[in-house]
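Asks: Protein chains in written order, with the numbering used here: chain A, 215 to 545; chain B, 215 to 545.
Protein chains: 2
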Amino acid sequence: MTDACAAPAPRKERLSFDAAAGRTAEELNARLKGTPAIIRRLTVHLSKAAGKNIRARSLLACAMGRDGLIHSDAACLAAAVELLHLATLVHDDVIDGAARRRGIAALHKKFGEKAAILCGDYLFCLSLELASAVEPPADRRVSADRTLSHYMSDILLGELRQDQNNGNFALTERQYFSIIGGKTAAMFEASFYAGFLLSDEPDEAGERFKEIGRNIGLIFQLADDCADYEASHRTAGKPVLSDFKTGVVTLPLIYALKKDAGLLARIKAGLGPAALKKAVSSAGGLQYARDRIAEYFEKTRDFIAALPSPPEKKDMLSALLGKAAGRGAAP
Amino acid sequence: MTDACAAPAPRKERLSFDAAAGRTAEELNARLKGTPAIIRRLTVHLSKAAGKNIRARSLLACAMGRDGLIHSDAACLAAAVELLHLATLVHDDVIDGAARRRGIAALHKKFGEKAAILCGDYLFCLSLELASAVEPPADRRVSADRTLSHYMSDILLGELRQDQNNGNFALTERQYFSIIGGKTAAMFEASFYAGFLLSDEPDEAGERFKEIGRNIGLIFQLADDCADYEASHRTAGKPVLSDFKTGVVTLPLIYALKKDAGLLARIKAGLGPAALKKAVSSAGGLQYARDRIAEYFEKTRDFIAALPSPPEKKDMLSALLGKAAGRGAAP
Numbered sequence: 215m216t217d218a219c220a221a222p223a224p225r226k227e228r229l230s231f232d233a234a235a236g237r238t239a240e241e242l243n244a245r246l247k248g249t250p251a252i253i254r255r256l257t258v259h260l261s262k263a264a265g266k267n268i269r270a271r272s273l274l275a276c277a278m279g280r281d282g283l284i285h286s287d288a289a290c291l292a293a294a295v296e297l298l299h300l301a302t303l304v305h306d307d308v309i310d311g312a313a314r315r316r317g318i319a320a321l322h323k324k325f326g327e328k329a330a331i332l333c334g335d336y337l338f339c340l341s342l343e344l345a346s347a348v349e350p351p352a353d354r355r356v357s358a359d360r361t362l363s364h365y366m367s368d369i370l371l372g373e374l375r376q377d378q379n380n381g382n383f384a385l386t387e388r389q390y391f392s393i394i395g396g397k398t399a400a401m402f403e404a405s406f407y408a409g410f411l412l413s414d415e416p417d418e419a420g421e422r423f424k425e426i427g428r429n430i431g432l433i434f435q436l437a438d439d440c441a442d443y444e445a446s447h448r449t450a451g452k453p454v455l456s457d458f459k460t461g462v463v464t465l466p467l468i469y470a471l472k473k474d475a476g477l478l479a480r481i482k483a484g485l486g487p488a489a490l491k492k493a494v495s496s497a498g499g500l501q502y503a504r505d506r507i508a509e510y511f512e513k514t515r516d517f518i519a520a521l522p523s524p525p526e527k528k529d530m531l532s533a534l535l536g537k538a539a540g541r542g543a544a545p
Numbered sequence: 215m216t217d218a219c220a221a222p223a224p225r226k227e228r229l230s231f232d233a234a235a236g237r238t239a240e241e242l243n244a245r246l247k248g249t250p251a252i253i254r255r256l257t258v259h260l261s262k263a264a265g266k267n268i269r270a271r272s273l274l275a276c277a278m279g280r281d282g283l284i285h286s287d288a289a290c291l292a293a294a295v296e297l298l299h300l301a302t303l304v305h306d307d308v309i310d311g312a313a314r315r316r317g318i319a320a321l322h323k324k325f326g327e328k329a330a331i332l333c334g335d336y337l338f339c340l341s342l343e344l345a346s347a348v349e350p351p352a353d354r355r356v357s358a359d360r361t362l363s364h365y366m367s368d369i370l371l372g373e374l375r376q377d378q379n380n381g382n383f384a385l386t387e388r389q390y391f392s393i394i395g396g397k398t399a400a401m402f403e404a405s406f407y408a409g410f411l412l413s414d415e416p417d418e419a420g421e422r423f424k425e426i427g428r429n430i431g432l433i434f435q436l437a438d439d440c441a442d443y444e445a446s447h448r449t450a451g452k453p454v455l456s457d458f459k460t461g462v463v464t465l466p467l468i469y470a471l472k473k474d475a476g477l478l479a480r481i482k483a484g485l486g487p488a489a490l491k492k493a494v495s496s497a498g499g500l501q502y503a504r505d506r507i508a509e510y511f512e513k514t515r516d517f518i519a520a521l522p523s524p525p526e527k528k529d530m531l532s533a534l535l536g537k538a539a540g541r542g543a544a545p
């Protein structure tokens with residue numbers, strides 16, 4: 215394999231977490247700014263608003279070795295994961311007609327839908343090229359069906375399920391979890407698993423890393439979906455009730471519709487935002503979703519505690535778990 | 215590497231051209247019909263209208279060995295190339311607002327734009343998964359920057375150039391060739407190169423196979439662009455002047471605009487289809503484009519003749535060349 219990563223010259227080295235996070239940000243920035251002229255305006259626009267890179271940071275934390283250091287390949291893969299995430303965001307925004315993303319104009323609003331669809335496709339290619347430059351250690355057993363493009367398929371199927379259930383107030387809790395299991399949790403699982411592959415964790419810990427990643431993804435999405443109904447919270451760049459307004463039915467509403475028999479009729483009669491939020495909260499929808507978060511949180515906390523990893527690494531994973539649930543700061 | 219290809223069980227064998235073409239069609243069909251339930255309606259719809267598979271047939275012809283047979287891996291890669299092509303068509307149709315494709319309703323017309331964007335992304339993943347199941351022979355030197363996702367980037371950049379030059383009557387011949395070099399020729403080059411990699415041709419023939427593929431792609435697009443201005447010709451499922459009507463400026467028009475100083479004003483004043491075709495033809499636009507086809511045709515014919523390949527293989531490549539130019543039947 216050649217190394218397409220890390221301009222100007224491939225550097226294979228072991229880095230501290232902060233150095234690896236810095237390398238990831240550099241790599242991401244270099245990729246977005248180093249595109250051919252025809253697409254540069256678009257990718258440079260995207261580079262202006264950095265995300266929180268929680269998927270990249272997850273990957274780096276999982277890649278940490280017993281020496282507390284991270285192989286530079288992990289920074290390369292972490293940048294690939296963030297590019298893939300960015301590709302899905304660009305297409306999502308076209309699909310949802312969103313006006314803004316990460317505090318700046320959505321790509322399709324600034325450059326048109328056609329260009330945004332093509333740019334999303336291009337970011338997808340860029341991500342896969344970057345990922346293909348990295349190979350797991352030769353002695354690592356890898357499950358063949360867990361490539362980045364497999365996970366990407368899961369994400370797309372989750373998004374498709376969400377689209378096909380747009381405005382479906384009969385959505386069940388089971389269907390909801392199937393949607394978020396794809397659209398959000400699959401990318402977290404991919405990040406955790408990719409990091410694990412580059413670590414010196416024993417092979418048999420792989421399934422556990424996947425499960426921790428998946429749960430943290432579910433928690434992340436559940437917390438995001440709660441925030442949509444909480445007047446006092448605002449997720450970055452996203453107005454309150456934005457899911458509801460675009461027809462996305464989430465767990466707080468699903469539970470409230472089950473408990474409050476008259477709610478659906480009131481929604482159809484044009485219930486206002488404040489009244490809707492109050493109704494969802496009064497029916498116990500927010501509390502129910504928060505209880506699900508607490509369940510996943512506790513289970514995942516125990517999984518992390520039982521890992522064979524060094525304490526410093528476990529602390530980082532716990533911090534990521536707390537960050538996803540909105541209970542603390544990520545590493 | 216595991217083999218994700220060829221259900222029910224991986225069969226590694228050497229096949230005749232017809233058997234390999236049959237295997238490719240089976241594989242493509244199985245992939246499109248074997249998708250998860252949520253997306254099956256869409257991919258089954260796509261499976262109902264087979265394309266001419268010229269890219270797949272190119273790949274198979276290039277993969278032919280001295281024994282006249284083709285490794286079954288080539289059928290797998292050929293199906294991947296057609297899936298990738300299909301992914302670009304699905305997104306193209308969303309972008310162009312096309313109503314029909316290959317004689318059936320365009321995907322976005324039947325299932326909505328959102329679903330079509332996600333389905334195109336999904337086909338893209340499917341293609342890359344299939345391609346990743348195949349590895350070139352261990353002793354083959356492969357240029358690292360010629361992966362399927364690299365070629366895909368070239369295609370997207372070509373499409374983006376086309377989009378950014380929509381309705382640009384000042385488009386130059388050079389810009390035109392830069393557009394079609396991406397959007398069409400890159401996929402042909404990829405098909406020829408992938409086939410070569412799986413063949414027993416000497417390493418040093420690789421560049422020549424790429425060039426032949428690229429030229430055939432250019433000829434294919436030039437012929438398609440001529441057909442758009444020829445009343446008597448219709449490309450499959452595509453109405454005459456469809457490029458012009460969607461703002462795509464092609465070589466016959468570029469040349470005519472250069473030779474007929476008043477044409478632009480007449481177009482802007484609302485020149486009708488019949489008069490436009492007549493004007494492009496009278497100004498020599500069609501003849502000029504056909505002359506370019508003839509130049510590429512002759513150069514490429516000579517390249518094929520000089521290949522170290524067996525006569526049967528050269529005949530197949532010549533037939534593909536003829537097919538691209540609309541002068542004969544493909545193998």
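Even glycine gets a Cβ: it sits at the ideal position worked out from N, Cα and C. Since the model is a prediction, treat every value here as computed from it, not as a measurement.
Can you list the residues of chain A that B/R375 reaches, using a CB-CB cut of under 7 Å?
Replies: Result: I252.
Asks: Use the C-beta contact count for A/M215: other C-beta atoms within 10 angstroms, 16 or more gives buried, fewer gives exposed.
Replies: Because the pLDDT of A/M215 is 34, which lies under 50, any placement of that residue in the model is unreliable, and the question is left without a value.
Asks: What's the C-alpha gap between B/Q376 and B/A400?
Replies: Going from the Cα of B/Q376 to the Cα of B/A400 covers about 14 Å.
Asks: Thinking just about the alpha-carbon of each residue, which of A/P416, A/S413, A/K424 is nearest to the one in A/F406?
Replies: Answer by Cα proximity: A/K424.
Asks: Which of the three DSSP states is assigned to A/A319 in this structure?
Replies: Here A/A319 sits in strand by DSSP.
Asks: If contacts are defined as beta-carbon pairs under 8 Å, then A/G334 and A/V304 qualify, I think. What distance do you get, rounded to the angstrom?
Replies: Contact holds; Cβ gap of about 4 Å.
Asks: To the nearest angstrom, how far is it from the Cα of A/G317 to the Cα of B/A437?
Replies: Taking the straight line from one Cα to the other gives about 46 Å.
Asks: Unbroken alpha helix (DSSP H) runs of length 4 or more, entirely within the segment 466-510 of chain A: which are they?
Replies: Those alpha helix (DSSP H) runs which fall completely within the segment 466-510 of chain A and span 4+ residues are 477-482, 487-496.
Asks: Quick check on A/R254: does DSSP put it in helix, strand or coil?
Replies: Of the three classes helix, strand and coil, the one that applies to A/R254 here is helix, per DSSP.
Asks: Identify the contact partners of B/L342 in chain A, using a Cβ-Cβ distance below 7 Å as the criterion.
Replies: By Cβ distance, chain A contributes L342, S363.
Asks: Thinking C-beta only, is B/T514 closer than 8 Å to B/I393?
Replies: The answer is no: Cβ separation not under 8 Å.
Asks: With 8 Å as the threshold, decide whether the Cβ of A/T449 is near any Cβ in chain B.
Replies: Because the pLDDT at A/T449 is just 48, under 50, the model does not fix this residue reliably, and the value given afterwards should be weighed accordingly. Closer than 8 Å: no.
Asks: Just to confirm, does A/L385 get its C-beta within under 7 Å of one of the non-hydrogen atoms of the ligand ADP?
Replies: As presented, the structure is devoid of all ligands, the ligand ADP included, so that no description of it is given.
Asks: Excluding the 5 residues preceding and the 5 following A/T449 in the sequence, name in chain order all residues of the same chain whose CB lies nearer than 8 Å to its CB.
Replies: Residue confidence for A/T449 is low, a pLDDT of 48 falling below 50, so the modelled location carries little weight; the figure read from the coordinates is stated next. Only D438, A441, D442 meet the Cβ criterion.
Asks: Which of the residues in the segment 280-314 of chain A, read from start to end, lie with their CB under 7 Å from any CB of chain B?
Replies: So the close ones are H305, V308, I309.
Asks: Between B/A493, B/S456, B/G409, B/F231, which has its C-alpha nearest B/G311's C-alpha?
Replies: The option with the nearest alpha carbon to B/G311 is B/S456.
Asks: Starting from the beta carbon of A/S367, find every residue of chain B whose beta carbon is closer than 8 Å, and list them in chain order.
Replies: Simply Y336, C339, L340, E343.
Asks: Between which residues of its own chain and B/S341 is the CB-CB distance below 6 Å, once the five residues before and five after are set aside?
Replies: Closer than 6 Å at the Cβ level, and outside the excluded window around B/S341, lie A294, L297, L298.
Asks: What did DSSP end up calling A/L412 once you bin it into helix, strand or coil?
Replies: Three-state DSSP puts A/L412 in coil, outside helix and strand.
Asks: Among the residues of its own chain, which have a CB less than 6 Å from the CB of B/A578, if the five just before and after it don't count?
Replies: The first residue shown for chain B is 215 and the last is 545, placing residue 578 of chain B beyond what the model contains.
Asks: Roughly how many whole angstroms lie between the Cα atoms of A/Q435 and B/L321?
Replies: For A/Q435 and B/L321, the distance between alpha carbons rounds to 30 Å.
Asks: With a threshold of 8 Å on Cβ separation, who are the neighbours of A/K226 within its own chain once the five nearest residues in sequence on each side are excluded?
Replies: Closer than 8 Å at the Cβ level, and outside the excluded window around A/K226, lie D217, H285, S286, D287.
Asks: Identify every run of the alpha helix (DSSP H) within the segment 294-364 of chain B, keeping only runs that are complete inside it and at least 4 residues long; order them along the chain.
Replies: If we require 4 residues or more, the alpha helix (DSSP H) runs fully inside the segment 294-364 of chain B come out as 321-325, 327-346.
Asks: With 16 other CB atoms within 10 Å as the buried threshold, where does B/P525 fall?
Replies: B/P525 comes out exposed.
Asks: Which residues of chain A have a Cβ atom closer than 8 Å to the Cβ of B/Q378, listed in chain order?
Replies: The contacting residues are I252, A329.
Asks: Given a threshold of 16 other Cβ atoms within 10 Å of its Cβ, counted over all protein chains shown, does A/H447 qualify as buried or as exposed?
Replies: In this prediction, A/H447 has a pLDDT of 46, which is less than 50 and means its spatial position is unreliable; what the coordinates show is noted afterwards. Per the 10 Å Cβ criterion, exposed.
Asks: Residues of chain B with CB under 8 Å from A/S346, in chain order?
Replies: Going along chain B in sequence order, the residues near A/S346 (Cβ under 8 Å) are T361, S363.
Asks: In the DSSP output, what is B/I284 paired with across the bridge?
Replies: Looking at the DSSP assignment, B/I284 forms a beta bridge with B/L229.
Asks: Among A/E241, A/E327, A/E373, A/A251, whose alpha-carbon lies nearest the alpha-carbon of A/C290?
Replies: Comparing Cα-Cα distances from A/C290 to each of A/E241, A/E327, A/E373, A/A251, the minimum goes to A/E241.
Asks: Only counting the same chain, and skipping five residues up and downstream in sequence, which positions put a Cβ closer than 8 Å to that of B/R228?
Replies: Answer for B/R228: G279, D281, L283, I284, H285, S286, listed in chain order.
Asks: Cβ closer than 8 Å: which chain A residues qualify as neighbours of B/L332?
Replies: Here the neighbours are H305, I309, L370, E373, L374, D377.
Asks: Put A/N429 into one of helix, strand or coil per three-state DSSP.
Replies: In the structure shown, A/N429 sits in a helix (DSSP, three-state: H, G or I).
Asks: From the DSSP output, in three-state form, read off B/M530 for me.
Replies: Three-state result, B/M530: helix.
Asks: My assumption, with CB atoms under 8 Å, is that A/E421 sits in contact with B/T361. Please give the rounded CB distance.
Replies: The Cβ separation is near 30 Å, so there is no contact.
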